[in-house]
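Contents: one structure, followed by commentary.
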Amino acid sequence: MKIRIIALIVMSMAIQSLMAQKYVTKTGRIRFYSDTPMEKIEGVNQQVNSAFDLATGQMVFKVLMKSFGFEKALMQEHFNENYAESDKFPNAIFKGTVAGLQSIDFLKDGKHNVEVGGDLTIHGVTQKVKTTATLESRGGKIIGHAVFNVNPKDYGINIPTAVVKQIAETIEVTVDATYDKMN
Amino acid sequence: MKKNPLRVIVAIVIIALASGIYVWKYLYNKPHPDYLTIPADVSVDANTLFNAFVADQALAESTYNGKVVEITGVPSGIEQSDSLQFVVFVFRQGDFGDEGIRCALHPRAVKHDFHLTPDKPVTLKGYLTGFNGSDVIFEKCSFVE
């Protein structure tokens, strides 16, 4: 009888552990980088919310535009007022899925290449995006990393002719997120 | 009286140089606001601030986003990321776990030996960047003594 009770407890604990496969971070880091011969512009946001469900592969990022910090105050002003229009569009959101998770054992430490695809909304405009990323399982955490490009024009962000040589046509976006298992 | 063309050219060059230096120094390279010394635009209780965003996000955004806001409340904890220290106020549980207010401390306001006193309120001041659906986010925060 005792053995049955212990087995039941162990089983229920195992089931609970399997169900709790949601990982979250509130300190994700997103960097965008524009490189032209005239100017290099870098914006960094270190308070990015992201959740990642291992069971379904669903992934979401919520990014506050005003949390991007720049080297120069003028760059930050122009970014918020002229390009991102952060008062009108305060958030950027990505909702997507990570493909091929079934073949990965996240209980073992290791780094894996994955495909991430979904809808990216910036400046109120939603576009499909797809990129390769790495997910690393280390010490019970999952560390995500991805680099992809966005074109401001695709999101209805028009660069005035006067500064067109200072802002790259394609902006490099780097995403780093260290996820903790949600209790 | 006939103007000396050389003097006119020199004057134009000096004006152009002065304008260039002014634009370079005071516009292009103007410093970020010093969030440690800048006075707060508004002071509010931490719980009231969070509830304002939950009740009417659009109204709260127009009231607080982009402003230097001073909040008072009892923090739930201090968190550390690779490069930042956060003072966290938790008011509810949601999709992202604990939800409330997160204040990233200004590098010059980080206290490595800081310990929270249970139930003791603190006052913080920082640049409020918005509400991401789960937390009200502050950057460049500092303690108000």
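Protein chains in written order, with numbering that gives the first Met the number 0: chain E, 0 to 182; chain R, 0 to 144. Heads up, the beta-carbon is just placed ideally off N, CA and C, and yes, glycines get one too.
The beta strand (DSSP E) enclosing residue i, as first and last residue numbers
i, result
"Met74 (chain E)", "That residue, Met74 (chain E), is in no beta strand (DSSP E); its alpha helix (DSSP H) goes Ala72 to His77."
"Ala10 (chain R)", "Where Ala10 (chain R) is concerned, there is no enclosing beta strand (DSSP E), although the alpha helix (DSSP H) it sits in stretches over Pro4 to Tyr21."
"Ser136 (chain E)", "Val124 to Arg137"
"Asn48 (chain E)", "Lys39 to Asp52"
"Ala145 (chain E)", "Lys140 to Val149"
"Gln57 (chain E)", "Gln57 to Leu63"
"Tyr126 (chain R)", "Val121 to Phe130"
"Gly72 (chain R)", "Val67 to Gly72"
"His111 (chain R)", "Careful: His111 (chain R) lies outside any beta strand (DSSP E) and carries neither H nor E."
Contact set between residue i and chain E, taken where Cβ atoms lie within less than 7 angstroms
i, result
"Pro30 (chain R)", "Ala72"
"Leu123 (chain R)", "Residues of chain E passing the Cβ test: none, with the nearest at roughly 15 angstroms."
"Leu48 (chain R)", "None at all; the shortest Cβ gap to chain E is about 15 angstroms."
Expected contact under 8 angstroms - CB spacing of residue i and residue j to nearest Å
i, j, result
"Val43 (chain E)", "Gly68 (chain E)", "6 angstroms"
"Gly70 (chain R)", "Leu115 (chain R)", "The sequence shown places Ile at residue 70 (chain R), not Gly. Their Cβ separation, rounded to whole angstroms, is 15 angstroms, which puts Ile70 (chain R) and Leu115 (chain R) out of contact at 8 angstroms."
"Ala51 (chain R)", "Ala59 (chain R)", "4 angstroms"
"Ile92 (chain E)", "Thr120 (chain E)", "5 angstroms"
Under 7 angstroms by beta carbon: chain R residues contacting residue i
i, result
"Leu63 (chain E)", "Thr128, Gly129, Asn131 and Ile136"
"Ser66 (chain E)", "Thr128, Ile136 and Glu138"
Interface residues of chain R facing residue i [CB-CB closer than 9 angstroms]
i, result
"Val23 (chain E)", "Asp94, Phe95 and Gly96"
"Met58 (chain E)", "What Met58 (chain E) touches in chain R: nothing, since even the nearest Cβ is about 13 angstroms away."
Classification of residue i by the beta-carbon crowding that lies within 10 angstroms, buried from 16 upward
i, result
"Ala161 (chain E)", "exposed"
"Lys21 (chain E)", "buried"
"Asp97 (chain R)", "buried"
"Asn64 (chain R)", "buried"
"Thr133 (chain E)", "exposed"
"Leu53 (chain E)", "buried"
"Ala45 (chain R)", "buried"
"Gln15 (chain E)", "Bear in mind that a pLDDT of 47 at Gln15 (chain E), under 50, signals an unreliable position, so the number given afterwards is only what the model happens to contain. Exposed: under 16 other Cβ atoms inside 10 Å."
"Asn90 (chain E)", "buried"
"Ile14 (chain R)", "exposed"
"Arg101 (chain R)", "buried"
"Met18 (chain E)", "Any reading at Met18 (chain E) must be qualified, since the residue scores a pLDDT of 44, below 50, and its modelled position is unreliable; no value is offered."
"Ser42 (chain R)", "exposed"
Where residue i meets chain R, residues with beta-carbon distance less than 8 angstroms
i, result
"Met37 (chain E)", "Neighbours of Met37 (chain E) on chain R: none; closest Cβ ~12 angstroms, over 8 angstroms."
"Asn48 (chain E)", "Phe95, Asn131, Gly132, Ser133 and Asp134"
Within chain E, partners of residue i - CB distance below 8 angstroms
i, result
"Tyr27 (chain R)", "Lys71 and Leu73"
"Ser82 (chain R)", "Gln45"
Delimiting residues of the alpha helix (DSSP H) encompassing residue i
i, result
"Gln92 (chain R)", "Per DSSP, Gln92 (chain R) belongs to no alpha helix (DSSP H); it is in the beta strand (DSSP E), Gln84 to Gly93."
"Tyr63 (chain R)", "Gln56 to Tyr63"
Quiz prompt | Positions along the segment 83-116 of chain E whose CB lies within less than 8 angstroms of some CB in chain R | solution = Ser85, Asp86, Pro89 and Asn90
Quiz item: What residues from the segment 101-121 of chain R come within 8 angstroms of chain E, judged by C-beta to C-beta, listed N to C?
Solution: Arg101 and Ala103
Quiz item: For the segment 61-80 of chain R, which residues have a beta carbon sitting closer than 7 angstroms to at least one beta carbon of chain E?
Solution: Asn64, Gly65 and Ser80
Quiz prompt | Residues of the segment 151-165 of chain E with Cβ closer than 8 angstroms to any Cβ of chain R, in chain order | solution = none
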